[in-house]
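Visitor: No gaps in the numbering here: position 170 of the sequence shown is 170 in full-length UniProt numbering, and each next residue is one more.
My structure is below; once you've seen it, I'll send some questions.
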Amino acid sequence: MQSRPESPIAVAADRAEPERDTQVIAVSSGKGGVGKTNVVANLAVALSQAGKRVLVLDADLGLGNLDVLLGLVPRYTIEHVLAGARRLDEILIEGPAGIQVLPAGSGVQALTGLTESQQLLIHEQLEQIAAGADILLVDTGAGISPLVTFFASSAHETIVVLSPEPTSLTDAYALIKVLARQYRERRFKVLVNQVKHRREAADVFRKLDAAADRFLHVALDYVGCIPHDDYVPLAVMQQRAVADLFPEAPASRAFAALARQVIQWPRPGIPKSSVQLLWRRLVQAG
């Protein structure tokens, strides 16, 4: 019995599929106010200073502020892409240390709930421009909205950022729970921000790790901590990354150490999830 021949469109899609050399890392948090976007900005700068080509997607659509944090003034944002007025590669702007930034819209409520076709549009165009980067950092929104979990589940690695506050720990657990139960994620990186000392960070991680292991059966990898540092708000006031403005500050040294660690993570050989890939081929075949 002969096997059914593959669709010519599916075959073409297979051949056109680019090699996945870009490491896609989503940075998420269960709640706002833990310094997630600041982590993204400074990790991007630190990675670029270490010689990596870095692309940053501000995926906090509707409330994006990465450009403000870095003192950038984008002419176009993802809002224009979704409206069909621009492509993603046309809204790219250069940030400190040569990083490339894809700015999100701000104050646009419609962007907070993308349709499936809009998600597909972003995914396809992002694949194309990310091919020129070593690392793509995705600054997701805070919380457990479908948009946050979409970006987090599409990445090769997810860094969950939390602070020593009890509410931050509870909300980080809630985010991990959603990603584990709805998207079958089984491993997460954890970064504790704004800590007084390393022991405090270790205690926070142990609490989260114990709960995640007991009730969710997932593995958490501790990737370190960023200390509370008076140089950070000084840099924020000047709309600069602390790693760029004050490279010898304690927080800057911690970001440099985190960047060195990220560089050592295994490179992706194949797409992490075949769901979006399958969906795209079905759309193309239709």
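Every residue gets a Cβ at the ideal spot worked out from N, C-alpha and C, and that includes glycine.
(1) Quickly, what does DSSP pair K189 with across the bridge? List them, please.
(2) According to the neighbour-count rule (16 or more other Cβ atoms, all chains shown, within 10 Å of its Cβ), is D213 buried or exposed?
(3) Under 8 Å, do residue 291 and P247 count as touching if we go by C-beta distance?
(4) Locate the beta strand (DSSP E) running through D139, then write down its first and last residues.
(5) What residues match up with S28 in a beta bridge as DSSP calls it?
(6) Give the straight-line distance between the Cα atoms of P266 and A133, rounded to the nearest whole angstrom.
(7) Report buried or exposed for P96, applying the criterion of at least 16 other Cβ atoms within 10 angstroms of its Cβ.
(8) Quick one: using the 10 Å Cβ neighbour count with 16 as the cut-off for buried, is T115 buried or exposed?
(9) Return the chain-ordered list of same chain residues with a C-beta closer than 6 Å to the C-beta of A142, the five sequence neighbours on each side being excluded.
(10) Give me, in chain order, the residues of the same chain whose beta-carbon lies closer than 7 Å to that of D152; leave out the 5 immediate sequence neighbours on both sides.
(11) Identify every run of the beta strand (DSSP E) within the stretch 49-130, keeping only runs that are complete inside it and at least 3 residues long; order them along the chain.
(12) Using only CA atoms, which one of G98, A85, V101 and S145 lies nearest to residue 336?
(13) Tell me which residues share the same chain as R260 and place their Cβ nearer than 7 Å to its Cβ, disregarding the 5 neighbours each side in the sequence.
(14) Taking C-alpha atoms, which residue in Y183, H123, R184 and F188 lies nearest to A172?
(15) For P227, which three-state DSSP category applies?
(16) Nearest-angstrom Cα distance between I78 and D209?
(17) At the level of alpha carbons, what is the spacing between G105 and A131?
Guide: Let me spell this out:
(1) I159 and D221
(2) exposed
(3) Since the displayed the chain opens at 1 and closes at 286, residue 291 lies outside it and no answer follows.
(4) I135 to A142
(5) V160
(6) 16 Å
(7) buried
(8) exposed
(9) S29, K31 and G32
(10) The sequence given here has Ala at residue 152, not Asp. Cβ neighbours of A152 beyond the five flanking positions: A26, S28, T140, T158 and L179.
(11) 54-59 and 100-102
(12) The requested residue 336 is not part of the displayed model; the chain covers only 1 to 286.
(13) A50
(14) F188
(15) strand
(16) 36 Å
(17) 23 Å
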